[in-house]
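J.: The structure's right below; bear with me while I get my questions together.
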Amino acid sequence: MAERFQAPRGTFDVLPGDAAARERLDLAARELLERAGYARIDTPAFEETELFTRGVGESTDIVRKEMFTFEDQGGRSLTLRPESTASIARAYVEHGMQKLPQPVKLWWHGPVFRHERPQAGRFRQFTQLDAEAIGSDSPLVDAELIILLDELLRGLELPALHLRLGSLGSPAARAEYRRELIDYLRGHEAELAEDVRERIDENPLRAFDSKHEPTRAVMAEAPTMLEWLDAEDAEHFATVRRLLEQAGIAYEVDGTLVRGLDYYTRTVFEFHCDGLGAQSQVAGGGRYDGLIELVGGPVTPACGWAAGVERILLALDAEVPSPRADVFVAAADGQRERALALTTQLRRAGLRAELDLAGRSLKGQMRHAGRLEAAKALVLDESGALHLRDMSSGEQREVEVASLVEELAAA
Numbered sequence: 219m220a221e222r223f224q225a226p227r228g229t230f231d232v233l234p235g236d237a238a239a240r241e242r243l244d245l246a247a248r249e250l251l252e253r254a255g256y257a258r259i260d261t262p263a264f265e266e267t268e269l270f271t272r273g274v275g276e277s278t279d280i281v282r283k284e285m286f287t288f289e290d291q292g293g294r295s296l297t298l299r300p301e302s303t304a305s306i307a308r309a310y311v312e313h314g315m316q317k318l319p320q321p322v323k324l325w326w327h328g329p330v331f332r333h334e335r336p337q338a339g340r341f342r343q344f345t346q347l348d349a350e351a352i353g354s355d356s357p358l359v360d361a362e363l364i365i366l367l368d369e370l371l372r373g374l375e376l377p378a379l380h381l382r383l384g385s386l387g388s389p390a391a392r393a394e395y396r397r398e399l400i401d402y403l404r405g406h407e408a409e410l411a412e413d414v415r416e417r418i419d420e421n422p423l424r425a426f427d428s429k430h431e432p433t434r435a436v437m438a439e440a441p442t443m444l445e446w447l448d449a450e451d452a453e454h455f456a457t458v459r460r461l462l463e464q465a466g467i468a469y470e471v472d473g474t475l476v477r478g479l480d481y482y483t484r485t486v487f488e489f490h491c492d493g494l495g496a497q498s499q500v501a502g503g504g505r506y507d508g509l510i511e512l513v514g515g516p517v518t519p520a521c522g523w524a525a526g527v528e529r530i531l532l533a534l535d536a537e538v539p540s541p542r543a544d545v546f547v548a549a550a551d552g553q554r555e556r557a558l559a560l561t562t563q564l565r566r567a568g569l570r571a572e573l574d575l576a577g578r579s580l581k582g583q584m585r586h587a588g589r590l591e592a593a594k595a596l597v598l599d600e601s602g603a604l605h606l607r608d609m610s611s612g613e614q615r616e617v618e619v620a621s622l623v624e625e626l627a628a629a
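For the sequence shown, position 59 (counting from the first letter as 1) is numbered 277 according to our numbering, and the numbering increases by one without interruption.
So, in structure tokens, the structure goes:
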């Protein structure tokens with residue numbers, strides 16, 4: 219017997235029973251974001267490796283540990299995208315989008331790839347929804363993006379949802395804070411996890427994300443970036459907060475909030491769903507005013523977010539039934555070709571119509587119509603007469619094809 223294959227570790231198949239919930243999420247995002255003026259963009263599944271090492275940051279866990287990198291036949295180093303914002307920034311620069319009216323508002327939906335330890339809510343191939351607004355430093359942009367994300371998640375009825383909000387300030391202010399934090403970490407070096415000690419000079423803010431309990435105790439007393447915001451950063455953050463409050467959005471200010479990517483500046487935020495345990499974050503984002511310049515463009519402010527589709531579906535923990543058939547066409551022997559023609563006519567009229575493709579008896583076809591939860595059944599008998607049956611009541615009457623499609627489409 220041939221070897222049986224399985225999906226690679228950390229990946230999964232989306233089976234028909236799971237697809238309806240994903241479709242519901244995708245449609246909800248599309249409707250919400252396009253109503254707000256965000257246009258769909260797609261980018262390649264792989265990019266030049268340097269785009270991510272430069273844009274995401276060489277000291278990040280993503281670049282150091284998690285990227286799927288390979289060499290193509292021409293000796294070029296390529297990487298499966300571990301996130302989408304750097305790719306969208308590259309597309310913005312490559313296609314001269316800075317010449318368009320600003321900000322350019324884009325949304326994206328697709329798979330991303332990270333070599334992580336698989337566990338509940340964490341995969342090596344997973345799906346994200348992104349929204350990005352590139353070309354404006356107004357706090358209105360930050361607030362709009364957070365409001366839209368809040369509306370999306372609450373519209374899907376995610377339980378126990380809460381928003382954490384912080385600010386990383388501008389690069390100049392963060393450089394001063396960084397020196398203060400490094401001094402603090404050096405003073406507690408013996409208590410820190412090994413990976414935190416290794417990155418004190420390289421990326422000290424990542425210490426706030428450590429799961430190591432002694433490190434967490436040290437960081438609970440550490441100075442935060444909110445204490446080091448300059449006047450401009452503080453005003454920007456205060457305005458974002460005021461706009462969210464005016465929109466009726468509750469949030470928790472968190473001075474320890476840092477993101478896993480180096481390009482963030484000023485506003486950062488995360489949405490968490492308490493029912494998910496350790497992997498509680500379902501979405502997050504913030505402002506990245508230096509990224510466009512890092513990937514070869516002009517100095518361009520920007521802000522955006524990413525939402526994890528699998529995390530959201532896990533939080534919902536609810537099956538969305540597949541759409542049932544509006545009508546099932548059952549046919550006696552000798553009438554099956556006519557049944558296909560009739561089914562095609564119904565589908566072209568916008569109805570969800572199915573017919574038997576497995577050679578079942580007429581009785582078996584009716585049982586199958588019940589399994590599909592069809593609302594109506596059309597029965598072509600041996601003589602070619604056509605009967606319409608209500609599957610709930612069992613009532614049946616003879617009908618004419620000429621009026622049938624219009625009648626079903628109006629029902």
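Where a beta carbon is used, it is the ideal one built from N, C-alpha and C, also for glycine. Given the structure is predicted, the values throughout are model-derived calculations rather than measurements.
Since E394 and V436 should fall inside the 8 Å C-beta cutoff, what is the C-beta to C-beta distance between them, to a whole number of angstroms?
T.: The count along the sequence shown starts at 1 and reaches residue 394 at position 176. The count along the sequence shown starts at 1 and reaches residue 436 at position 218. About 21 Å separates the two Cβ atoms, so there is no contact after all.
J.: Can you give, in chain order, each stretch of the alpha helix (DSSP H) that sits fully within the stretch 254 to 301 and has at least 4 residues?
T.: Entirely contained in the stretch 254 to 301, the alpha helix (DSSP H) runs reaching 4 residues are, in chain order, 267 to 273.
J.: CB-CB under 7 Å to L251, same chain, minus the five flanking residues each way: which ones, in chain order?
T.: Taking the first residue of the sequence shown as position 1, residue 251 is located at position 33. The answer, listed in chain order, is W325, A349 and L366.
J.: Start and end of the beta strand (DSSP E) containing R484?
T.: Counting from 1 along the sequence shown, the entry for residue 484 is found at position 266. Counting along the chain, the beta strand (DSSP E) containing R484 begins and ends at T483 to C491.
J.: Please list the terminal residues of the continuous beta strand (DSSP E) segment that includes S385.
T.: Taking the sequence shown and counting its residues from 1, one reaches residue 385 at position 167. Unbroken beta strand (DSSP E) run through S385: L379 to S385.
J.: When DSSP labels each residue in this structure, what does T345 get in the three-state scheme?
T.: For the purposes of this step, residue 345 is taken as residue 127 along the sequence shown, with counting starting at 1. Here T345 sits in strand by DSSP.
J.: From the DSSP output, read off the bridge partner residues of I352.
T.: Stepping through the sequence shown from its first residue, residue 352 is reached at position 134. Paired residue(s): V322 and A520.
J.: Mapping the DSSP letters down to three states, classify F455 as helix, strand or coil.
T.: By one-based count along the sequence shown, residue 455 stands at place 237. Helix.
J.: Whole angstroms is fine: what's the gap from D448's alpha carbon to S388's?
T.: The count along the sequence shown starts at 1 and reaches residue 448 at position 230. The count along the sequence shown starts at 1 and reaches residue 388 at position 170. Their backbone Cα atoms lie some 8 Å apart in a straight line.
J.: From this set, M584, V545 and K594, which residue's C-alpha is nearest E572's C-alpha?
T.: For the purposes of this step, residue 572 is identified with residue 354 of the sequence shown, where counting begins at 1. That would be V545, whose Cα lies nearest to the Cα of E572.
J.: G577 to M584, Cα distance in whole Å?
T.: Sequence index remark: in the sequence shown, residue 577 carries index 359 (1-based). Sequence index remark: in the sequence shown, residue 584 carries index 366 (1-based). The alpha-carbon atoms of G577 and M584 are separated by roughly 12 Å.
J.: Do you know how far the Cα of A425 is from the Cα of E412?
T.: If you number the sequence shown from 1, residue 412 lands on position 194. If you number the sequence shown from 1, residue 425 lands on position 207. Cα to Cα, E412 sits roughly 11 Å from A425.
J.: For H586, count the other beta carbons within 10 Å of its own beta carbon; 16 or more makes it buried, fewer makes it exposed. Which is it?
T.: For the purposes of this step, residue 586 is identified with residue 368 of the sequence shown, where counting begins at 1. Label assigned to H586: buried.
J.: Measuring alpha carbon to alpha carbon, tell me which of I259, L296 and R240 ends up nearest T267.
T.: Residue 267 sits at position 49 when you count from the first residue of the sequence shown. Selected option, being the one with the closest Cα: L296.
J.: Give every residue of the same chain whose Cβ lies closer than 6 Å to the Cβ of G228, excluding the five residues on either side of it in the sequence, and list them in chain order.
T.: Taking the first residue of the sequence shown as position 1, residue 228 is located at position 10. Taken in chain order, the residues that qualify are P336, F341 and R342.
J.: Do Q346 and V330 count as a contact pair if the criterion is CB distance below 7 Å?
T.: Here residue 330 is taken as the residue at index 112 of the sequence shown, counted from 1. Here residue 346 is taken as the residue at index 128 of the sequence shown, counted from 1. Result yes, Cβ atoms of V330 and Q346 sit closer than 7 Å.
J.: Restricting to Cα atoms, I'd like to know which of G502, L462, G493 and A452 is closest to L475.
T.: In the sequence shown, the residue the question calls residue 475 occupies position 257. Ranking the options by Cα distance to L475, first place goes to G502.
J.: Please report the residue range of the beta strand (DSSP E) in which K594 lies.
T.: As a position in the sequence shown, residue 594 is number 376, starting the count at 1. K594 -> beta strand (DSSP E) spans K594 to L598.
J.: Could you give the distance in angstroms between the alpha-carbon of F487 and the alpha-carbon of Y469?
T.: Translated into the one-based positions of the sequence shown, residue 487 becomes position 269. Translated into the one-based positions of the sequence shown, residue 469 becomes position 251. C-alpha separation (whole angstroms): 9 Å.
J.: Roughly how many whole angstroms lie between the Cα atoms of T261 and G526?
T.: Position 43 of the sequence shown, counting from 1, holds the residue named residue 261. Position 308 of the sequence shown, counting from 1, holds the residue named residue 526. Distance between the alpha carbons of T261 and G526: 18 Å.
J.: In the DSSP assignment, what are the bridge partners of P329?
T.: Position 111 of the sequence shown, counting from 1, holds the residue named residue 329. According to DSSP, P329 bridges with T345.
J.: Using three-state DSSP, classify D413 as helix, strand or coil.
T.: For the purposes of this step, residue 413 is taken as the residue at position 195 of the sequence shown. Here D413 sits in helix by DSSP.
J.: In angstroms with no decimal places, state the Cα-to-Cα distance between A379 and R505.
T.: Walking along the sequence shown from the start, residue 379 turns up at place 161. Walking along the sequence shown from the start, residue 505 turns up at place 287. Residue identity check: residue 379 is Leu in the sequence provided, not Ala. Cα to Cα, the separation comes out at about 22 Å.
J.: Look up Q337 in the DSSP assignment and give the residues it is bridged to.
T.: Start at 1 with the first residue of the sequence shown, and residue 337 comes out as number 119. Looking at the DSSP assignment, Q337 forms a beta bridge with R340.
J.: Who are the near neighbours of P432 in its chain, counting only those whose CB is closer than 6 Å to its CB and skipping five residues on each side?
T.: Taking the first residue of the sequence shown as position 1, residue 432 is located at position 214. Contacts found: E409.
J.: Please go through the same chain and pick out, in chain order, the residues whose beta-carbon is closer than 8 Å to the beta-carbon of R199, but skip the five residues on each side of it.
T.: The requested residue 199 is not part of the displayed model; the chain covers only 219 to 629.
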